[in-house]
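When you read off a place in the sequence shown, starting at 1, and then add 69, the result is the number in the numbering used here.
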Amino acid sequence: MFKNILRSSIPRQILRTNHPRIISIIPSSLTYRSFSIYQPVWHGHLKTPKPGEELKITFIEKDGNQKTFDVAEGETLLDIAQGHNLDMEGACGGSCACSTCHVIVDPDYYDAIPEPEDDENDMLDLAYGLTETSRLGCQVKMKKDIDGIRVALPQMTRNVSSNDL
Numbered sequence: 070m071f072k073n074i075l076r077s078s079i080p081r082q083i084l085r086t087n088h089p090r091i092i093s094i095i096p097s098s099l100t101y102r103s104f105s106i107y108q109p110v111w112h113g114h115l116k117t118p119k120p121g122e123e124l125k126i127t128f129i130e131k132d133g134n135q136k137t138f139d140v141a142e143g144e145t146l147l148d149i150a151q152g153h154n155l156d157m158e159g160a161c162g163g164s165c166a167c168s169t170c171h172v173i174v175d176p177d178y179y180d181a182i183p184e185p186e187d188d189e190n191d192m193l194d195l196a197y198g199l200t201e202t203s204r205l206g207c208q209v210k211m212k213k214d215i216d217g218i219r220v221a222l223p224q225m226t227r228n229v230s231s232n233d234l
């Protein structure tokens with residue numbers, strides 16, 4: 070029992086300086102381990118919308134096929150696309166540091182979306198096929214105002230991140 074407590078709570082440097090005999094019971098591969106009580110959130114894992122609260126979104130794929138999904142409020146377009154195995158990369162993991170989740174929003178819905186912030190505009194400048202209604206999918210969250218939104222996936226994406234600048 071004492072060995073397990075030592076393995077999980079005392080850093081090797083402290084043990085080495087204060088208790089040289091105990092070192093032999095701790096494997097050299099032991100490093101600090103993180104502990105969290107929170108469940109990780111993975112991209113592409115969607116919340117199930119409550120009955121009667123579903124919002125609709127239609128993606129127009131590169132080949133012209135249209136796919137409509139019922140989604141929950143608060144989901145990003147990136148998460149929705151990845152959760153339904155659509156061809157949207159999201160190389161930065163949704164942190165607004167690349168332009169691989171670039172989408173083209175139907176003009177009828179564009180004004181209902183909050184204006185892009187400066188960091189999103191900077192990344193959009195690097196996007197291939199930029200239009201007047203282009204947005205990053207990681208920055209647009211579903212809400213009732215845009216229920217029924219239609220977004221097109223551009224023909225190509227450019228994988229340039231803010232680290233490349």
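Here a beta-carbon is modelled for each residue, glycine too, at the ideal position from N, C-alpha and C.
Keep in mind the model is a prediction, meaning the values are calculated, not measured.
If you draw a straight line from the Cα of D194 to the Cα of K116, it comes to about 31 Å. Annotated as distal: F128 and A160, with beta-carbon spacing of 9 Å or more. Note that the region 131-141 does not touch the region 184-199; fewer than 3 beta-carbon pairs, one per stretch, sit closer than 8 Å.
When the alpha-carbon of C207 is set against those of E130, K119, L146, the nearest one is in L146.
Look at D214 here: in three-state DSSP terms it is helix. Sixteen is the threshold: since fewer than 16 other Cβ atoms of the shown chains lie within 10 Å of the Cβ of A181, the residue is exposed. With a 10 Å radius around the Cβ and a threshold of 16 neighbouring Cβ atoms, S168 comes out buried. DSSP places I149 in the helix class (H, G or I) of the three-state scheme. Check the Cα spacing between K212 and each of E144, T226, R204, Q135: the tightest is with E144. K125 sits away from L222, with the two beta carbons spaced by 9 Å or more. Relative to the Cα of G152, the nearest Cα in the group R204, K136, A196 belongs to K136. When rounded, the separation of the alpha-carbon atoms in C165 and A196 is 12 Å. In the DSSP assignment, K136 forms a beta bridge with F128. For the pair D177 and R204, the CB atoms are not nearer than the 9 Å cut-off.
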